[in-house]
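Protein sequences, first through last, are from chains A and B. FYI, the numbering for the first sequence is 1 to 77, going by this note's numbering. FYI, the numbering for the second sequence is 78 to 462, going by this note's numbering. Even glycine gets a Cβ: it sits at the ideal position worked out from N, Cα and C.
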Amino acid sequence: MCVKVCPHEVFEMIQKKVHIVGRDFCMECGACKMNCPQGAILLDVGEGCGCAAGIIKGALNGTAPTCGGSDESACCN
Amino acid sequence: MGGSDQKCGCGNSNEFVTLQLKVPENGDGCQKVCDRSVRVSKHYIVGSIQTRASDIPQISTQLGWKDYLGAFRVRWGIRRNSYRVNPGLYAIGTPNERSDVLVTANYKLSFDTVRKNLHGLNVWLLVLDTKGINVWCSAGKGTFGTKELVNRIRLSFLDTVVQHKRIILPQLSAVGVAAHLVKESSGFTVVYGPVRASDIQSFVNAGYKATKEMRLVHFDWYDRLRLVPNDIIYNLRYLMSLFVVISVLSGINTHGYSLQQALINVIPIAKIIAAGYFAGLVFTPLLLPFIPTQNFSFKGLIIGVVISAFLFLTHSLGGNLLVKLAAIFFISGFSSFLAMNFTGASTFTSLAGVKKEMRIAVPIQIVSAVIAAILIVLNSTLSGR
Chain A
1 MCVKVCPHEV FEMIQKKVHI VGRDFCMECG ACKMNCPQGA ILLDVGEGCG
51 CAAGIIKGAL NGTAPTCGGS DESACCN
Chain B
78 MGGSDQKCGC GNSNEFVTLQ LKVPENGDGC QKVCDRSVRV SKHYIVGSIQ
128 TRASDIPQIS TQLGWKDYLG AFRVRWGIRR NSYRVNPGLY AIGTPNERSD
178 VLVTANYKLS FDTVRKNLHG LNVWLLVLDT KGINVWCSAG KGTFGTKELV
228 NRIRLSFLDT VVQHKRIILP QLSAVGVAAH LVKESSGFTV VYGPVRASDI
278 QSFVNAGYKA TKEMRLVHFD WYDRLRLVPN DIIYNLRYLM SLFVVISVLS
328 GINTHGYSLQ QALINVIPIA KIIAAGYFAG LVFTPLLLPF IPTQNFSFKG
378 LIIGVVISAF LFLTHSLGGN LLVKLAAIFF ISGFSSFLAM NFTGASTFTS
428 LAGVKKEMRI AVPIQIVSAV IAAILIVLNS TLSGR
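Structural data, given as structure tokens:
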């Protein structure tokens with residue numbers, strides 16, 4: 001599953017075992033972790049994504065990175 | 078519309094189609110009619126398909142001027158948050174109980190992108206309530222998630238509409254959806270389709286198989302170009318604040334304050350701020366892969382330096398040497414800051430990477446601003462103005 005859902009080809013299946021072949025391309029989106037039924041993937045980065053504006057907003061509010069707003073519809077992009 | 082209607086999947090919106098739920102009570106008190114009477118139909122609804130469960134709105138696969146206009150205006154950030162469609166099940170063509178089910182977000186741009194690529198097909202389209210946010214971002218936030226998917230399947234009585242148990246999701250929704258948990262909770266098997274809607278038909282024709290390319294995300298110049306207008310509008314707040322603050326402060330001289338002096342400086346200041354603005358928001362994104370260094374902040378800094386050097390050499394920067402140097406520091410720092418904010422719009426930056434980048438870049442940006450300020454103050458003091 002991880003091979004299928006990764007948008008940057010980080011994984012490759014070699015002889016029935018999955019290997020990480022593109023570690024530098026990983027953007028920590030979490031799709032692999034989310035879809036591993038065995039829970040074999042550890043992604044330990046905390047809340048947020050690779051967005052400087054979100055990190056700044058979170059820092060100013062004293063929270064984790066956030067898109068701001070009071071509900072899930074906030075988006076500054 | 079009361080609270081119980083909400084629970085049964087009847088939304089509180091003013092886009093309705095008359096639906097009649099023919100299924101018997103399912104245990105949580107939802108036994109009948111979601112009275113969503115039609116007054117004004119949406120332009121993309123062209124009919125309805127009768128199923129065992131209810132009448133499903135049939136949507137067009139042809140985009141019209143309203144859709145193109147809407148896409149254009151949200152790309153400029155205008156009323157972007159309300160550009161949504163109602164969640165729920167829709168029909169494309171004349172699907173039956175054996176037809177595929179595709180899933181998407183209720184951001185209208187996503188909805189339009191999917192449906193325009195389904196011309197000629199007979200499929201069901203399940204639209205989730207992602208609060209008007211596109212697939213990838215909402216998946217990241219968790220709104221395009223296991224819970225909402227399972228819930229929407231239940232609310233649309235999907236198991237009575239189709240015989241099979243297969244739902245096709247856009248690959249990027251995998252960030253928020255755990256396929257194995259969806260199966261446990263709903264009985265439906267998630268099949269991850271391609272990243273781009275334009276590959277859906279090929280994917281289905283190949284027997285639900287994706288090529289390597291279908292599963293990869295890129296960030297080519299056209300992707301980057303489409304993000305620029307929204308950023309230009311969104312960041313005007315920084316532009317305006319800086320413009321006002323710097324213009325006002327430029328009236329300070331050794332004799333106190335001169336409004337006249339500030340007004341004279343307005344145009345040169347506007348030019349300098351605009352230079353930094355375009356360096357960071359237009360040139361850096363468009364030239365992204367060609368600019369040296371890995372980080373957006375450094376790329377922005379380089380472009381800022383290049384642009385200001387160009388302006389310097391072409392005598393386009395006003396004032397004496399101190400003022401010109403201040404302009405160079407300001408433009409470079411501002412460009413770096415704006416380019417750094419482009420990370421959120423990109424398709425490959427990571428949280429850890431950006432945090433690391435910011436630890437170096439933000440101090441550099443602050444220092445540039447401070448140096449620019451010091452040079453200006455120095456200039457005012459020395460010239461005795």
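Residues that residue i contacts on chain A, provided the C-beta gap is smaller than 7 angstroms
i                      : result
residue 317 of chain B : Those within 7 angstroms of residue 317 of chain B in chain A number zero; the least Cβ separation is about 16 angstroms.
residue 427 of chain B : 26, 27, 28, 50
residue 269 of chain B : 4, 5
residue 418 of chain B : 52, 53
residue 371 of chain B : By Cβ distance, chain A contributes nothing, its closest Cβ being about 10 angstroms from residue 371 of chain B, past 7 angstroms.
Counterpart residues of residue i in DSSP-defined beta bridges
i                      : result
residue 125 of chain B : B:134
residue 166 of chain B : B:203
residue 193 of chain B : For residue 193 of chain B, which the question treats as bridged, DSSP gives no partner whatsoever.
residue 392 of chain B : Per DSSP, none; premise fails for residue 392 of chain B.
residue 243 of chain B : B:266
residue 77 of chain B  : The requested residue 77 of chain B does not occur in the structure, where chain B is confined to residues 78 to 462.
residue 178 of chain B : B:201, B:244
residue 161 of chain B : B:184
residue 12 of chain A  : A:19
Integer-rounded CB distance, given that residue j should sit under 8 angstroms from residue i
i                      : j                      : result
residue 446 of chain B : residue 410 of chain B : 5 angstroms
residue 418 of chain B : residue 52 of chain A  : 5 angstroms
residue 313 of chain B : residue 358 of chain B : That belief does not hold up - the Cβ atoms of residue 313 of chain B and residue 358 of chain B are roughly 10 angstroms apart, past 8 angstroms.
residue 412 of chain B : residue 438 of chain B : Wrong, their Cβ atoms sit about 12 angstroms apart, outside the cutoff.
residue 243 of chain B : residue 268 of chain B : 6 angstroms
residue 123 of chain B : residue 176 of chain B : Not quite, the Cβ-Cβ distance comes to about 17 angstroms (not below 8 angstroms), so this is no contact.
residue 316 of chain B : residue 354 of chain B : 5 angstroms
residue 381 of chain B : residue 356 of chain B : 5 angstroms
residue 233 of chain B : residue 203 of chain B : 6 angstroms
residue 278 of chain B : residue 198 of chain B : 7 angstroms
residue 408 of chain B : residue 385 of chain B : 4 angstroms
residue 226 of chain B : residue 200 of chain B : Rounded, the Cβ-Cβ distance is 17 angstroms, inconsistent with contact.
Other residues of its chain near residue i: CB distance less than 7 angstroms, five sequence neighbours each side excluded
i                      : result
residue 457 of chain B : 329, 330, 331
residue 388 of chain B : 352, 394
residue 185 of chain B : 147, 160, 161, 162
residue 15 of chain A  : none
residue 117 of chain B : Because the pLDDT of residue 117 of chain B is 48, which lies under 50, any placement of that residue in the model is unreliable, and the number read from its coordinates should be weighed accordingly. So no residue of the chain qualifies.
residue 347 of chain B : 320
residue 462 of chain B : Note that residue 462 of chain B scores a pLDDT of 48, beneath 50, so its modelled location is shaky and nothing firm can be said.
residue 455 of chain B : 399
residue 365 of chain B : 301, 376
residue 151 of chain B : 157, 160, 186
residue 88 of chain B  : Reliability of the predicted coordinates at residue 88 of chain B is poor, the pLDDT of 49 falling under 50, and no value is obtained from them.
Contact set between residue i and chain B, taken where Cβ atoms lie within less than 8 angstroms
i                      : result
residue 107 of chain A : Chain A is shown from 1 up to 77; residue 107 of chain A falls before or after that span and cannot be answered.
Sequence-distant residues of its chain with Cβ nearer than 6 angstroms to residue i (five each side left out)
i                      : result
residue 341 of chain B : none
residue 237 of chain B : 129, 130
residue 220 of chain B : 207, 208
residue 452 of chain B : 399, 402, 403
residue 246 of chain B : 180, 267, 269
residue 434 of chain B : 372, 374
residue 215 of chain B : 182, 207, 221
residue 135 of chain B : 123, 124, 125, 126, 168
Chain-ordered chain B contacts of residue i [CB-CB under 7 angstroms]
i                     : result
residue 31 of chain A : 251, 252
residue 54 of chain A : 421
residue 45 of chain A : 428, 429
Under 8 angstroms from the C-beta of residue i: neighbouring residues of chain A
i                      : result
residue 442 of chain B : The premise fails here: residue 442 of chain B is roughly 11 angstroms from chain A at the closest Cβ pair, so nothing lies under 8 angstroms.
residue 224 of chain B : The premise fails here: residue 224 of chain B is roughly 12 angstroms from chain A at the closest Cβ pair, so nothing lies under 8 angstroms.
residue 272 of chain B : 7
residue 286 of chain B : By Cβ distance, chain A contributes nothing, its closest Cβ being about 11 angstroms from residue 286 of chain B, past 8 angstroms.
residue 381 of chain B : Within chain A, no residue comes near residue 381 of chain B; the closest Cβ sits about 16 angstroms away, beyond 8 angstroms.
Listed by chain order, chain A residues near residue i by CB distance under 9 angstroms
i                      : result
residue 256 of chain B : 1, 5, 34, 35, 37
residue 377 of chain B : None at all; the shortest Cβ gap to chain A is about 11 angstroms.
residue 433 of chain B : Simply none; closest approach about 11 angstroms.
residue 353 of chain B : What residue 353 of chain B touches in chain A: nothing, since even the nearest Cβ is about 17 angstroms away.
8 angstroms Cβ shell around residue i - same chain, five flanking residues per side excluded
i                      : result
residue 48 of chain A  : 54, 55, 58, 64, 65, 66
residue 32 of chain A  : 1, 2, 5, 6, 10, 11, 41, 43
residue 18 of chain A  : 2, 3, 11, 12
residue 8 of chain A   : 22, 25, 26, 27
residue 311 of chain B : 154
residue 253 of chain B : 215, 216, 217, 218, 219, 220, 221, 222, 223
Check: residue i C-beta below 6 angstroms from any heavy atom of the ligand NAP
i                      : result
residue 456 of chain B : Among the components modelled here there is no ligand, and therefore nothing to report on the ligand NAP.
### Message
Threshold first: 3 residues or longer. Then list the beta strand (DSSP E) segments lying entirely within the stretch 339-365 of chain B, N to C.
### Response
For the stretch 339-365 of chain B, not a single whole beta strand (DSSP E) run of length 3 or above is found.
### Task
Quick one: which unbroken beta strand (DSSP E) runs of 3-plus residues sit fully inside the stretch 27-55 of chain A? Chain order, please.
Runs of the beta strand (DSSP E) spanning 3 or more residues and lying entirely within the stretch 27-55 of chain A do not occur at all.
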